[in-house]
């Protein structure tokens, strides 16, 4: 351990003073293509909307007012709390949360199983997990729709076996959206957990068993803390893109219930052409996600501090 | 960039001095996806040496947003729908030309020259036209289909078997026709009635979808799909037994147009391309490709018989369709609200 530290410090001496320059390309890319657009979005959300898209450079809170207050369809009723958009957000968070949970329930045992196989089989299994994801997401989503249609193979099978006497109606429901999200992002859960589980030394479990801990205690106190970073990374990788998904809601859910992604999409590409409102919806989403991630990071630090 | 300007200048000088032999360079077209017979681009380049570069969009509004976000000045031509031509003119995005600049101008069908969105055609030429209403699967529904009630107050057997275009303008225009109120009305009672009617109709709809409004008919997921006439004709080609409705309350007529954009980097080439598109054989190739209705005289001999005779290409002469209007800002705000209520 001490040797590692030494060599790490030696390396840093070698590159002393050059660090900022080495980071320059990364910062330039992140700054220009990520931070700058994000700043633009935040600024746009506080500007006045221009008819048919675009903004007028006059500060305004109209976009946030539209998000939080309902003034009737003509805009002159006394303001009430606008639940529409809050409901869309809550529903999106619920869907994304459920997708994360399902991915975890399926992904954790799978990842553990793969990580504990011999190395050749392990590589095979990881390949098998990723192969379907070489195909474009749009095509996979449409294929899924064909599988679960009222007159599709899944229902034909269920009726053939006699389990059902009428087709299970899934397409254009929120269950189909959930299925689509869960299916789209499953490997993002499996791979990070696999990466942490692979490094787990099985001797630690054996030691724990030797010291008379129960299976549950071993899992909770030895195994889980080791793979926890993978679980957290996987959950974030599933949760965040699920929030902004619009393929699954549009294709599998029949676009009948907005999720956040479709709501924002509509403001820029639909007839509404309300850029500040789209920007405000995105800013609110970013803020909420940021708060969640910060809380998570803090609890991680606390966990480490306690350990 | 500087180099392009100089070569353009050179091109301009050559053109002015009458040395028209130099006919090379580019023309930048901003078009819908899968909306031009690819053979046309190849032929144009072979005949003139002008290379057509093309980017695509999937809705009028997406095209407008992209041009507003800074793409104006990069394209010569775009292909907006009727109401969008109005919006683009009000945004100052269109350039003008004289009909005499186009030797084939006389090929345009006379009824399509004095159109409300560009009287006399000084910024646009017609590209394709068609109608928007709905197609019904005749294997599953045998009743009368010539009423918008099938969409907005459907009989029991159609409930839950309806797809509706995911397009605010089209849905609200048809809904207004169904209620017998003017498009873009500012009358509050009428707007409230529109909102209530749609709220009530939504529970009978299976899905909103535009790009897939043909596929859901072919796969049998729905029995009735609000869609574009060309999609209905294509669904029939793909084996669905569909009938196209011209509802008695009214239906939408639309027309896509090639527009000359302001600050076009290759204006002269763009006019040449427009003129090329006005040749009957070329127009017919596009009509055959997209399966909409012709806009030029003399297309008939080049048309596939199936398209020339399809019910979708032949709206009843005594009951023509109506163009969608672009609403004023104050009405549009209410429309947005109604649409958001409907889609939530």
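Residue numbers (full-length UniProt numbering), protein chains in the order written: chain A, 1 to 307; chain B, 1 to 344.
Cβ coordinates follow ideal geometry from the N, Cα and C atoms, glycine included.
- Taking a Cβ-Cβ threshold of 9 angstroms, the residues of chain B close to residue 151/A are 219, 220 and 221, in chain order.
- Between the beta-carbon of residue 257/B and that of residue 127/B there is about 6 angstroms, and that keeps the pair under the 8 angstroms contact cut.
- Note that the C-beta distance between residue 217/B and residue 135/B is below 9 angstroms.
- Positions of the alpha helix (DSSP H) runs, each at least 4 residues long and wholly inside the region 54 to 91 of chain B, are given as 60 to 66 and 82 to 90 in order along the chain.
- Per the coordinates, the alpha-carbon of residue 307/B lies some 53 angstroms from the alpha-carbon of residue 104/A.
- In the structure shown, the three-state DSSP call for residue 197/B is helix.
- Cα atoms of residue 68/B and residue 124/A: separation of roughly 50 angstroms, rounded to the nearest angstrom.
- Here residue 162/B is buried. Its C-beta has 16 or more other C-beta atoms within 10 Å.
- Per DSSP, reduced to three states, the secondary structure at residue 57/A is strand.
- Taking 9 angstroms as the cut-off, the Cβ atoms of residue 205/B and residue 160/B count as close.
- If you look at residue 44/A, you'll find it isn't in any beta strand (DSSP E); it sits in the alpha helix (DSSP H) that goes 36 to 45.
- Taking CB atoms only, residue 181/B has no neighbour in chain A less than 9 angstroms away.
- By the neighbour-count definition (other C-beta atoms within 10 Å, threshold 16), residue 215/B is a buried residue.
- Neighbours of residue 171/A across chain B, judged by C-beta separation under 9 angstroms: 206, 207 and 221.
- DSSP, reduced to helix, strand and coil, places residue 297/B outside both helices and strands of the structure shown, so it counts as coil.
- Within chain A, no residue has its CB atom less than 7 angstroms from the CB of residue 282/B, the nearest being about 30 angstroms off.
- Beta-bridge analysis with DSSP links residue 128/B to 256/B.
- In this model, residue 60/B and residue 241/B are separated by some 30 angstroms (Cα to Cα).
- Taken through DSSP and simplified to helix, strand or coil, residue 243/B comes out as strand.
- Shortest Cα-Cα distance from residue 261/B to any of 125/B, 195/B, 155/B and 340/B involves 125/B.
- Around the C-beta of residue 100/A, 16 or more other C-beta atoms lie within 10 Å, and the residue is accordingly described as buried.
- Non-local C-beta neighbours of residue 41/A in its own chain, meaning closer than 7 angstroms and more than five positions away in sequence, comprise 279, 282 and 283, ordered along the chain.
- Looking at the backbone, the Cα of residue 173/B and that of residue 271/A are separated by about 13 angstroms.
- Put simply, the CB of residue 246/A is far from chain B, with every gap to its CB atoms at 9 angstroms or more.
- As DSSP reads the structure, residue 49/A sits in a beta bridge with 55/A.
- Within the same chain, Cβ atoms closer than 7 angstroms to the Cβ of residue 172/A are found at 253, 254 and 256, the five residues on either side in sequence being excluded.
- Residue range 224 to 228 is occupied by the beta strand (DSSP E) that includes residue 225/B.
- In chain order, 121, 125, 126, 278, 295, 296 and 297 place their CB closer than 8 angstroms to the CB of residue 108/B, counting only its own chain and leaving out the 5 sequence neighbours on each side.
- Cβ-Cβ distances below 7 angstroms link residue 210/B to 165, 166 and 167 in the same chain, with the five nearest sequence neighbours on each side left out; the list follows chain order.
- For residue 28/B, the uninterrupted beta strand (DSSP E) segment begins and ends at 25 to 32.
- Look at residue 165/B here: in three-state DSSP terms it is coil, with no helix or strand label.
- The region 112 to 121 of chain B and the region 76 to 95 of chain B touch, with no fewer than 3 CB-CB distances between them shorter than 8 angstroms.
- Any Cβ of chain B closer than 9 angstroms to the Cβ of residue 283/A would place that residue at the interface, and such an atom is absent.
- In its chain, beyond the 5 residues on either side, 29, 258 and 270 have a beta carbon closer than 6 angstroms to the beta carbon of residue 77/B.
- For residue 43/B, the uninterrupted alpha helix (DSSP H) run begins and ends at 38 to 48, by DSSP.
- With a 10 Å radius around the Cβ and a threshold of 16 neighbouring Cβ atoms, residue 285/B comes out buried.
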